[in-house]
Amino acid sequence: MDFNFSEFEKKWQNHWLDNKVFSSEVDTSKPKFYCLDMFPYPSGAGLHVGHPEGYTATDIICRYKRAKGFNVLHPMGWDAFGLPAEQYAIQTGTHPAITTQKNCDNFRRQIQSLGLSYDWDREINTTDPSYLKWTQWIFIRLYNTWFDEKLQKGRSIEELPIPADIKNQGQEAVTKYIESRRLANYDNAQVWWCNTCKTVCANEEVLNDGSHEKCGTKEVERRYLKQWMLRIPHYAERLLDGLAQLDWPEGVKDMQRNWIGKSTGAEVDFEVDGLNERLRVYTTRPDTLFGATYMVIAPEHKLINEIVTEEKKAEVETYTRTAALKSDLDRTELSKEKTGVFTGCYAINPLTGKQIPIWVADYVLMGYGTGAIMAVPAHDTRDFEFAKTFDIPVTCILDPKGQADAELREKILNGNDCWTEDGEYINSANTDVGLDINGLTKKEGIATVIKWLDERNLGKATVNYKIRDWLFSRQRYWGEPFPIIHWEDGEISVVEDKDLPVELPKTDKYQPSESGESPLANATEWLKVTDENGRKGRRETNTMPQWAGSCWYYLRYIDPKNDEEPFSKVKENYWMPVDLYIGGAEHAVLHLLYSRFWHKVLFDLGIVSTDEPYQKLYNQGMILAFAYETASGSKVTSDMVEEKDGKYFHIETGDELKQIVAKMSKSLKNVVNPDDVVANYGADSLRLYEMFMGPLDATKPWTDTGVKGVFNFLKRVFYFFADKDNVTEGEENKETLKVLHQTIKKVGQDIEEMKFNTAISQMMIFTNHCYKVKKVTRETAETFAKVLAPYAPHLAEELWAIYGNEPAVCQQPWPRVNESYLVENSFEYPVSFNGKMRFKLELPIDMPKEDIEKAATEHENAQKWLDGKQIVKIIVVPKKIINVVVR
RNA sequence: GCCCGAGUGGCGGAAUUGGUAGACGCGCUGGAUUCAAAAUCCAGUUUCAGCAAUGAAGUGCGGGUUCGAUUCCCGCCUCGGGUACCA
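First residue of the first sequence: 149, per the numbering used here; consecutive thereafter.
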């Protein structure tokens, strides 16, 4: 009998598909399990070996959960809007829908060739009009929602109270007020613009090196444009709070917390000397107000023209103009060198009553806090640096006391160094204003100063967040059109639900214009709208970013064919939340934050039943590959490398090369195509190898010999268990039963803990055992097929059928562990002397401690270690160790 | 700079409520089978010393706690990821 994997893999895949073995419907008699993979963008390159890693993990869990009696929802779909299809359209004229369709078909074929247990009747595609209809529907809900700060809840815009003073200003002011409160809001915004992509991008898409996440170039700059913004900062506190209850990797939670960037402090108003103006600053350290010796405002600050004196005007203007031309990147790249100019104007420190100079400097950002700071150079490194550069006085108000050595403390006290840690307040009292915090702790100091400010109406406790509005429009063709109409009279309105979806117009121009107009602006007929009164309007020409479709796809899977509503409430109530979500860590702040935001809005509106979408999140690690470089560090493609005695050499030059681990890339010629692996070793081998490589969350390099290793294991399984001579009827050997039941137990536990690599080891141990004993019973073989089934489902089905069973083994219940087979009646104790293991001693499991001590010390092997020594004590840990302490 | 995570044989990796370090696999070595090879099966494989029995060292580095530390504590080093004039 041959191990003809390609034949039987195809056979069983067809069986599963034809019989809809993995379809699932609401069934309240069973516990539910919703297991989600991050759906792929179907690129032209096809599946990467990284995709099947997460997919196999979820597949194993789903198959196991089904066997354990769960009703499992396990869907797959395509996140199919995106740049590559559009760029291909620009180059070739092929409509993105055609490219997308082709790529989806290829991805589906590849994924199906892996035998993953998806319910294919639930397949979705974000570009499908029947899907984007509901993305637009949700956008309309965002548009019609405002955030009630008091209730910390999104509410219908119709319930928005209009303040009396706004009402008095008339209808226009009211409309403007309402617009400003919507969660989706159309506004002039300073945005990131990518010159390569010719489109705006979100803050989250601009990487810290100034490059654009989508294209990788650094052609990103600031522009002012009218754009759609989603007001995610309103949900900052909710998004922060929600993290606590989630079973997510702490690293991802931390990244979201950092991104939201909550800080608590106070806003403080400073009198501007000689002007009837107050300058408001935000500080996290109001307790250091006594040490504020100057102020800084951002170059974009509104009050700048009023503050600046006549003689300083020219200088300040030059500075602000230069700052405006600099991109944020330049501003931060030159971060080491502080620049700034004095405005000629002074503010009054409310505690000391002293005049302190107001400067303009670009290290203060308009976008955070109030765009102005009080500078305390003695206790803030940036302020200190600035003060030293421009020779501004430094007043120390916190004595580090014992925390700094004498020399450093002396410098700090004299204003020649900066101290940012806690300490003891000094110079922090002024009887004239009635405030003294000397001797207080930092916590008390902050509270006392805030209270003082509050009572005098000079300031108040304030919370700030780093998270900014989410820039939600793109100047692209291949995205969801906004269901928005701009009317000739300036009114903006949303398309009625009954007129959804707003489909993309046909066009043959996909190129965005230099000016930033979307390609949709070319679709003249599509643009024109007229209402029943003959009023003319123009459709919104921007499209939504790729994130839109992925923000809610997990909800559509629940009821993917519903024409009446995005999903049925009953079904949503049954399936949500997602119990397990597996995908790459690259979405830690983008997709996962956006999607939580949408979900919370939907929850507030009563559209979904859970506050959070994804209960448990797990990040698969990246699959890398070995690569080679010369001594000078230049990379060598893998086809130019030969191995000799564990060392690597260049085929042509003969130079010894260094083996490194790097991302798979075309340029290194080390990309592994899953199709080739399936063709050469089978889907089961690919699945098993990816799980056997190491822990799921670890980054690990691919090796072809590793694939051969698991392929060899599968062959051993097949040749042993498919051979009728090995599989007999009758009574099973006790040792075999023990190993079998250890295997059932270990594999089950390891799946629950997502330790797939060690589960596979255990199955290998079992198989090795079978080879040793040469014969097993049919019952043992069938039980093993059930245990193997989640991992190597095709082979398991084949074996199951060979034993004459009806398909399918994947529908069989998980075998029960019989603990009685696992009971040991003796244990082989390691006997150590002073912690060093010296010999082993097999003793009955229930032997009293005294007897164990006696047996160990009287053993002949022990005499050597006891000779001439005195026994201090003997430690016996039952079923663990015997340790004799000698002196 | 700050916040996470990780350092274990030639390689991927096992083992942590503190208890036999190196499971399982790859690679390598030897053997069986074969005219031969592939494939397969069996055995060995942390390093050093030794024919061996055995002994010594050993989980990034330096300390500490403990009968006992890969595991806990303190101080470093290296690598990976995130983030950064956020006041």
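Positions of the beta carbon are idealized from the N, C-alpha and C atoms, including for glycine. None of these values were measured; they are calculated from a predicted model.
Contacts around residue i, its chain only, beta-carbon distance under 6 Å, and the 5 residues preceding and following it disregarded
i	result
LEU482	Reliability of the predicted coordinates at LEU482 is poor, the pLDDT of 47 falling under 50, and the value obtained from them is presented with this limitation in mind. Excluding sequence neighbours, LEU482 sits near nothing in its chain.
LYS346	PRO660
LYS1021	VAL1033
ILE585	TYR573, SER576, GLY593, THR596
TRP164	none
THR206	CYS183, ASP185, ILE730
THR906	ASP898
THR851	none
GLY1016	none
Bridge-paired residues (DSSP) for residue i
i	result
TRP618	LEU378
GLN503	ILE496
TRP1013	According to DSSP, TRP1013 bridges with nothing at all.
CYS349	TRP340
ASP873	The partner list for ASP873 (beta bridge, DSSP) is empty, contrary to what the question assumes.
ASN612	SER411
GLY732	GLN768
THR248	Answer is none; THR248 lacks a bridge partner.
PRO629	THR691
VAL642	ILE632
ASP435	Beta-bridge pairing links ASP435 to no other residue.
TYR182	LEU221
ILE607	The question names Ile, but residue 607 is Gly in the sequence shown. Partner(s): VAL416.
Presumed contact (8 Å Cβ cut-off) between residue i and residue j, rounded CB distance
i	j	result
PHE534	GLY488	7 Å
VAL935	GLU945	Actually they do not touch by this definition, with Cβ atoms about 13 Å apart.
GLU777	LYS795	Contact doesn't hold; Cβ gap of about 14 Å is too wide.
MET724	PHE620	With a Cβ gap of about 24 Å, MET724 and PHE620 do not count as contacting.
ILE504	ALA446	Incorrect: roughly 17 Å between the Cβ atoms, too far for contact.
TRP695	GLY230	Between GLY230 and TRP695 the Cβ distance is about 10 Å, and since that is not below 8 Å, they are no contact.
TYR729	LEU703	Rounded, the Cβ-Cβ distance is 13 Å, inconsistent with contact.
MET522	THR412	At roughly 16 Å, the Cβ-Cβ gap does not stay under 8 Å, so MET522 and THR412 are not in contact.
THR518	GLU415	7 Å
PHE975	TRP1013	The Cβ separation is near 21 Å, so there is no contact.
VAL825	VAL855	6 Å
ARG270	PRO223	4 Å
Member of the options whose CA lies at the smallest distance from the CA of residue i
i	options	result
GLY263	ILE899, LYS1002, PRO963, LEU834	LEU834
MET403	HIS739, LYS894, SER974	HIS739
GLU713	TYR279, ILE615, LEU184	TYR279
ASN821	LEU231, PRO955, VAL197	VAL197
ALA810	THR529, GLU790, GLU838, PRO849	PRO849
TYR742	LEU290, ARG687, HIS917, LYS536	LEU290
LEU388	ILE314, PHE745, VAL887	PHE745
ARG428	GLU398, ASN605, ASP166	ASN605
ARG469	ASP580, GLY769, GLU448	GLU448
HIS634	ASP617, LYS676, ALA671, ASN953	LYS676
THR758	SER780, LYS719, LEU772, LEU546	LYS719
TRP396	SER786, VAL726, MET911	VAL726
ILE314	ILE259, ILE305, THR365, ILE326	ILE326
ASP531	GLN551, TYR516, ASP510	ASP510
ILE615	HIS382, SER716, ASP580	HIS382
Own chain, CB closer than 8 Å to residue i, minus 5 neighbours either side, in chain order
i	result
LEU836	VAL858, PHE861, LEU862, ILE908, TYR939, ALA940
LYS599	none
SER782	none
ILE286	CYS699, TRP700, PRO714, TRP746, LEU750
Same chain only: Cβ atoms within 7 Å of residue i, ignoring 5 sequence neighbours per side
i	result
ASN881	VAL921
ASN690	TRP376, SER621, ARG622, GLN623, PHE630, SER666
PRO232	SER191, GLY192
ASP435	ILE585, LYS590, GLY593, ILE594, VAL597
CYS210	CYS183, VAL220, HIS222, SER265
With a floor of 4 residues, list each alpha helix (DSSP H) that falls wholly inside the region 756-803, ordered by position along the chain.
-> Within the region 756-803, no complete alpha helix (DSSP H) run reaches 4 residues.
In chain order, each beta strand (DSSP E) run of at least 3 residues that lies wholly inside the region 671-719 = 676-678, 684-687
Output the residue ranges of the beta strand (DSSP E) runs that lie fully inside the region 403-432 and measure 3 residues or longer, sorted by chain position. 411-420, 426-431
Handout entry: Ranges of the alpha helix (DSSP H) found wholly within the region 897-923, counting only runs of at least 4
Key = 904-921
### 4 or more residues per run - each alpha helix (DSSP H) lying fully within the region 505-573
529-538, 554-561
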